Structure formats: structure tokens, C-alpha cells
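A.B. asks: Sharing a structure with you now.
There are 2 protein chains.
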Amino acid sequence: MSETPPASPGQQDAPYAPTARTVPTRARERASYDRELVHSVLDEGYVCHLGFVRDGAPVVLPTLYARVGERLYIHGSTGSRPLRTAGATDPGMAVCLTITHVDGLVLARSAFHHSINYRSVVVHGTARRVTGADERRTALDAIVEQAVPGRSQDSRPADAKELAATAVVRLDLDEVSAKVRTGGPSDEPEDLALPYWSGVVPLSRGYGAPVPSDDLDPGIALPGYLARL
Amino acid sequence: MSETPPASPGQQDAPYAPTARTVPTRARERASYDRELVHSVLDEGYVCHLGFVRDGAPVVLPTLYARVGERLYIHGSTGSRPLRTAGATDPGMAVCLTITHVDGLVLARSAFHHSINYRSVVVHGTARRVTGADERRTALDAIVEQAVPGRSQDSRPADAKELAATAVVRLDLDEVSAKVRTGGPSDEPEDLALPYWSGVVPLSRGYGAPVPSDDLDPGIALPGYLARL
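Keeping their order, the protein sequence lines are chains A and P.
Using the numbering used here, the first residue of the first sequence is number 118, and each one after it goes up by one.
Using the numbering used here, the first residue of the second sequence is number 118, and each one after it goes up by one.
Shown next as C-alpha cells:
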């Protein structure tokens with residue numbers, strides 16, 4: 118993956134530049150353009166919600182993604198509608214790709230101030246089909262690694278037929294923002310004496326015990342990268 | 118909530134009618150229009166990804182939602198862009214609302230057959246501002262209840278000023294589909310003897326111990342509906 122140059126050489130540490138559509142109209146204090154924060158939110162997930170426009174109407178579909186430097190990659194069947202569209206259109210397809218981690222339920226004394234703690238990243242841009250063999254390999258490995266680090270080296274790589282059936286699409290990290298809410302509820306001062314519990318219920322995500330395939334050779338042990346999850 | 122009539126009276130048990138945009142071009146066997154399945158996926162979540170079109174480009178934002186019968190409700194500040202748009206446009210705003218639960222990582226011997234187990238629901242339709250006081254109250258209670266059942270009766274209801282600052286938007290469940298993948302990997306027969314672990318890593322979601330606000334009266338015990346989470 119180190120062969121892939123960043124989308125914006127020399128900009129590795131600078132924040133993303135805010136644009137009209139990445140500056141929220143409200144709760145602006147929650148918005149951030151910090152590159153490290155954006156990367157950390159992206160790197161913690163592997164399922165995004167991809168939005169695009171079809172026949173003038175919005176479509177939002179969940180899909181796997183990977184970050185490689187300043188690029189996001191998604192993939193899919195060459196027969197799937199969004200990937201066909203991204204491939205067929207020149208110069209690409211306008212997309213909005215959103216990743217959200219929900220961290221806690223925020224319970225205020227007032228119904229109005231109920232909220233959630235979360236970290237989200239919204240990426241606006243143009244999805245473009247990747248055609249170079251090396252970049253396609255890099256992207257496909259990265260998509261497997263994003264969900265299960267260590268796995269891409271412990272599975273059979275795609276063969277020519279599988280590669281031909283797989284579309285890879287790239288979205289540069291350029292017009293990007295994060296939004297984060299943390300902490301407890303923001304109750305009105307006059308509500309503090311109300312007899313309602315207030316605070317945060319943290320949410321957790323975890324892994325269950327891996328379930329081997331029925332036809333797995335019993336001599337194949339659980340690999341370390343799965344045991345460590 | 119029982120006062121709110123279903124969007125399609127008499128259709129409570131029938132599946133949703135497939136349309137051109139709810140029939141996938143691939144993996145059709147994963148698509149379902151079963152009303153009970155759609156409801157169960159919707160009822161298990163409370164954060165959706167809402168897609169709409171602004172200046173011709175897609176926008177996808179995470180937001181809270183609630184299901185009440187055959188309607189979904191979302192809410193937000195009257196100053197937020199999507200809700201302003203839904204209110205300002207007649208006859209409403211075209212949206213796509215998607216909910217996804219990720220249940221497992223599916224590890225095949227081949228990189229190509231890696232997948233995830235998931236349950237998602239995609240709703241296409243028109244979001245319309247709700248103006249009736251009763252329906253707005255129902256919706257706002259339902260949004261709190263969707264995340265924390267029992268909470269709407271154990272918090273201060275919105276006052277007139279808060280209600281005036283809150284936009285409520287409705288989306289009827291009409292053009293809807295679910296998509297579900299379950300089970301183990303689908304390896305190619307010729308890959309079964311490869312020396313790679315294969316199977317499923319289940320994913321779990323849970324709640325941490327509730328964290329009371331610093332200023333909570335220590336005499337207020339954790340309510341049962343939170344202790345049971």
C-alpha cells in the first residue's frame with residue numbers, strides 16, 4: 118500500500134479545507150476538519166453508507182470500504198447499479214459517503230435535550246472507476262484488511278475471472294468533515310432538580326467466538342489475527 | 118401511538134410491493150419485501166442514514182428515527198438543512214432512508230468470497246413536514262422510545278418553545294425492501310482444500326454501565342428500563 122501516493126502530496130498534516138457543504142448550519146462546534154480525527158473515524162469502521170443520485174432521486178446503500186492514504190475504495194460486482202454508473206459516466210459519479218460510530222445514548226432530564234454521542238465522517242466527491250491492475254489489487258487487499266487486519270495474506274487472492282467481475286471505485290479524501298459529540302447531557306438549569314435520571318448509556322461493539330465452516334479441515338487452527346479480535 | 122392510523126389501511130400483513138428501484142440487479146435472493154421482516158429490522162435500530170439531493174448532489178447524514186406503524190419519523194432543528202428543505206418544498210423532499218445492522222464477518226478461503234452478514238432496510242419516498250400537534254407529539258415520543266423504551270414517560274416533555282424549534286418529518290413505508298445475508302462463506306468447490314481458516318466472526322452490540330451526570334441527585338436511582346438494557 119505504500120506505493121500508492123497520497124491524493125494531495127504535502128498536505129498530510131494540514132486539516133481538510135472546509136467548503137460550503139461541509140460547514141453545518143447548526144452545531145458547528147461539533148464539526149472538525151482535522152485529518153487525524155477523520156482518519157481515525159474512517160479506520161475504525163469498514164461499512165459505510167454510500168449515497169448517489171439515480172433518476173434525480175437519492176439512493177443510500179451500505180457497502181464495505183477501505184482507506185488507503187487519502188483515498189477511499191469501495192468495490193462490488195460489475196453488474197451492480199452504483200458501480201455500473203460510476204464506470205459508465207465520465208467524469209465519474211457524484212457521491213456522498215458517510216461513516217457513523219454510535220458511542221452512547223445521552224439521556225437528559227428533558228426529552229428535547231436527548232441525544233447520542235457519535236463520531237461521523239461525511240465525504241463528498243466524485244467516485245471514479247479504478248482500472249490500473251496494481252491499484253485494483255491494492256484496493257481489494259485493503260478492503261479485506263479494513264474489516265479483518267491480517268486476512269488479505271491468509272486467503273486466496275482473486276484470480277483473473279474474479280478480478281474481471283469486480284469493479285473498484287475510488288473516492289479521494291478532499292471535501293471531508295467529521296462530526297463528534299461526546300460528554301453528558303446539556304440540561305437547562307431549571308431542569309436540574311427534576312426527578313429524572315440523567316446521564317449517558319455507553320454503547321459497545323464486540324466480536325463473538327468465531328464459528329468455523331462446517332467443511333473446515335479440523336487441522337486448521339484459528340489464526341492469531343482472529344483470536345486477537 | 119395507537120391513534121395513528123397505518124399509512125395503508127388493510128395492508129398490515131401483505132408484503133410491500135416491489136418497484137423498479139427496490140428490486141436489486143444482483144443478489145436478488147437476498148431481497149425481501151416481507152412486512153414483518155422490514156419492521157423487525159427497523160425496530161432493532163434507532164440511527165438511520167438519510168439521503169437527499171442538494172444542488173444536484175447526494176447528501177447522506179446519520180439521524181435518529183422511529184417507526185410508528187407504517188410511518189417513519191425523523192426530527193431535527195428547524196434550522197437544519199434537510200429539515201428546512203423538507204419543510205420548504207412542496208410536495209416534500211425525495212429521500213432514501215437506510216438502516217443497516219452488521220451481524221458478522223464472513224471469511225471465505227478466497228478473498229473474492231469474503232462478505233458480511235447483515236440486515237438492511239432501504240426506504241424510498243417523500244419526506245413531508247408534520248404540522249399537526251398530536252402527530253408531532255406522537256413522533257417525538259416515539260423517537261425517544263425507539264432508542265430507550267420507557268424513557269419518554271420518564272423525562273420532561275418538550276415545552277412550547279422547544280416544540281417550535283423542532284421540525285418533525287414523516288416518511289411513509291411504501292416503497293421498501295429489506296436485504297439480508299446470513300450463514301457461512303460460499304467458497305468455490307476447488308478452494309475447499311486450501312489451508313485457510315474459513316467461517317464467520319459474529320459481531321455483537323451491547324450497553325456499558327450507565328454513567329450518571331455529575332449533577333444528578335444521588336437519591337435518583339437508575340430506572341428499571343435502563344437497568345434492563
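All C-beta atoms, glycine included, are put in the ideal place defined by N, C-alpha and C.
These figures come from a predicted structure and were not determined experimentally.
1. Please tell me whether A/E279 has its Cβ less than 8 angstroms away from any Cβ of chain P.
2. Assuming P/R226 and A/S272 are in contact, meaning their beta carbons sit under 8 angstroms apart, how far apart are those beta carbons, in whole angstroms?
3. A/S149 touches chain P at which residues, Cβ-Cβ below 8 angstroms?
4. Is it buried or exposed for A/V177, if we count other Cβ within 10 angstroms and need 16 for buried?
5. Does DSSP classify A/L288 as helix, strand or coil?
6. For the region 235-259 of chain A, which residues have a beta carbon sitting closer than 8 angstroms to at least one beta carbon of chain P?
7. Would you check if the distance between the CB atom of A/L257 and the CB atom of P/A228 is smaller than 8 angstroms?
8. If I'm right that P/A174 touches P/R152 with Cβ under 8 angstroms, what's the distance once you round it to whole angstroms?
9. Cα separation between A/S232 and A/V297?
10. Might you give, ordered along the chain, the residues of its own chain that have their beta carbon closer than 8 angstroms to the beta carbon of P/R138, omitting 5 neighbours on each side?
11. Following the continuous alpha helix (DSSP H) through P/V155, name the residue where it begins and the one where it ends.
12. If you follow the alpha helix (DSSP H) that P/L280 is part of, which residue opens it and which one closes it?
13. In the DSSP assignment, what residue or residues form a beta bridge with P/T243?
14. Taking beta-carbon pairs under 8 angstroms, can you tell me which members of the region 305-324 of chain P lie near chain A?
15. How long is the line joining the alpha carbons of P/R236 and A/L280, rounded to whole angstroms?
16. List, in order along the chain, the chain P residues whose C-beta lies closer than 7 angstroms to that of A/S303?
17. How about A/L154 and A/A259: are their beta carbons less than 8 angstroms apart?
18. Return yes when the Cβ of P/V317 is within less than 8 angstroms of the Cβ of P/V223, no when it is not.
19. Under 8 angstroms between C-beta atoms, does A/D271 make it to chain P?
20. DSSP state of A/L200, grouped into three classes?
21. Along chain A, which residues have their Cβ under 8 angstroms away from the Cβ of P/T215?
22. Between the Cα of A/P274 and the Cα atoms of P/I191, P/R345, P/H230, which residue gives the shortest distance?
23. Tell me the rounded alpha-carbon separation between A/L320 and P/A326.
24. Against chain P, with Cβ distances strictly below 8 angstroms, would A/R226 count as a contact?
25. Run the CB neighbour count on P/L309, radius 10 Å, all protein chains shown included, and call it buried at 16 or more, exposed below.
26. For P/Q270, count the other beta carbons within 10 Å of its own beta carbon; 16 or more makes it buried, fewer makes it exposed. Which is it?
C.D. replies: Let's see:
1. yes
2. Rounded to the nearest angstrom, the Cβ distance from P/R226 to A/S272 is 6 angstroms, consistent with a contact under 8 angstroms.
3. Under the 8 angstroms cutoff, chain P gives no residues; its nearest Cβ is about 15 angstroms from A/S149.
4. Around the beta carbon of A/V177, 16 or more other beta carbons sit within 10 angstroms, so the residue counts as buried.
5. strand
6. Y235, S237, V239, H241, L257, D258
7. yes
8. Incorrect: roughly 33 angstroms between the Cβ atoms, too far for contact.
9. 12 angstroms
10. H241, E292
11. 152-161
12. 277-282
13. P/A211
14. D308, L309, A310, L311, P312, Y313, W314, S315, G316, V317, V318, P319, L320, S321, R322, G323, Y324
15. 27 angstroms
16. Chain P residues near A/S303: none, gap ~10 angstroms exceeds 7 angstroms.
17. no
18. Against a cut-off of 8 angstroms, the Cβ pair of P/V317 and P/V223 comes out as a contact.
19. Yes, its Cβ sits closer than 8 angstroms to a Cβ of chain P.
20. helix
21. In chain order: H166, V177, L178, P179.
22. P/H230
23. Our two residues, A/L320 and P/A326, have alpha carbons roughly 9 angstroms apart in a direct line.
24. yes
25. exposed
26. exposed
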